[in-house]
Every structure is written in structure tokens, then in C-alpha cells.
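Asks:
What follows is the structure in C-alpha cells.
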């Protein structure tokens, strides 16, 4: 996989608990914890992963957006009723940077914008991911030239 070859790390059994802000109040990472600790009732300190770009592709739960919403930083409208075609279009149109450092993609877009929920039947989820990757690449390239 090209992503892994380029240095992307995939972690299983971790859940996002919070976001990390840089000094400019831009999303610059996530705070995660081992999801297994919740079932064992053990206290485990969370880990912070920093990043130049954070994507919320956590689906219907929109976990990263939820971390910002609980602090009143963003407002989540919540998904509308089922309509696959409109939902696919809404997800693709809504894939963008919604807060400095945070790109939403997939069903997290529907949660954020209040567009219809849908089943991924027309390829909208893949196209949303592709669009999010292009936005992230553009942002990373711009940050390199700004140095």
C-alpha cells in the first residue's frame, strides 16, 4: 500500500479521546487511548499524536468533530434522514477543511453539515477520501513552501 510505504502508521484498538491544538489554536493532532483499557477498568494515560493535518473519517460517530463540539468550537448539525443519492452528493461536496487543521471526509461530513445519511452505493465514500487526500496533500505542500 502506497500510504504505508510513504510512512503512514495504522493503529488498531485505539480510540480518539480529544484533539491537540498548537499554539495558534489549530488542530495539530489527536489524543488517543487503548480501547481495551475500558473493558479492564485499568487507568492508562492517553497518548498524543501530533500531525500537520488531521482527518475525521470516523464515520457516523464523527469522533474528532465531537471533541471540538463538546467545547463549543464547532457545531454539528447531525445527519438528516436516509437518501442515498443526496447523501452521496452531500458527502462529496462537504469534504473539506472545516476548522484549521481538520479535514472531514465520509459520513463525518453528513454529521457536520446535516446532509442525508446514505449507504455507500455510488462510490461517494471513495471519492470523498480521494478528495480529502488531495486537500491534505495541498495543505502539506503549502506548509513546506511557507517554511
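Numbering (our numbering), first residue to last: 1 to 147. Quick reminder that beta carbons are idealized off the backbone N, C-alpha and C, glycines included.
Along the chain, where does the alpha helix (DSSP H) containing residue 4 start, and where does it finish?
Replies: That run of the alpha helix (DSSP H) goes 2-5.
Asks: Quick one: residues in its chain with C-beta nearer than 7 Å to the C-beta of residue 20, no 5 flanking neighbours on either side, listed in chain order?
Replies: 28, 29, 30, 31, 48 and 50
Asks: Taking only three categories from DSSP, how would you classify residue 55?
Replies: strand
Asks: Would you call the segment 107-114 and the segment 90-97 in contact, with 3 or more CB pairs under 8 Å?
Replies: A contact is defined here as three or more CB-CB pairs under 8 Å, and the segment 107-114 meets this definition with respect to the segment 90-97.
Asks: Would you mind sorting residue 72 into buried or exposed? The rule is 16 or more other CB atoms within 10 Å of its CB.
Replies: exposed
Asks: Using the rule of at least 16 other Cβ atoms within 10 Å of the residue's Cβ for burial, across every protein chain shown, is residue 117 buried or exposed?
Replies: buried
Asks: On the three-state DSSP scale, how would you describe residue 115?
Replies: coil
Asks: Quick one: measure Cβ to Cβ for residue 123 and residue 80, integer angstroms, because I've assumed they're closer than 8 Å.
Replies: Residue 123 to residue 80, Cβ: 20 Å. No contact.
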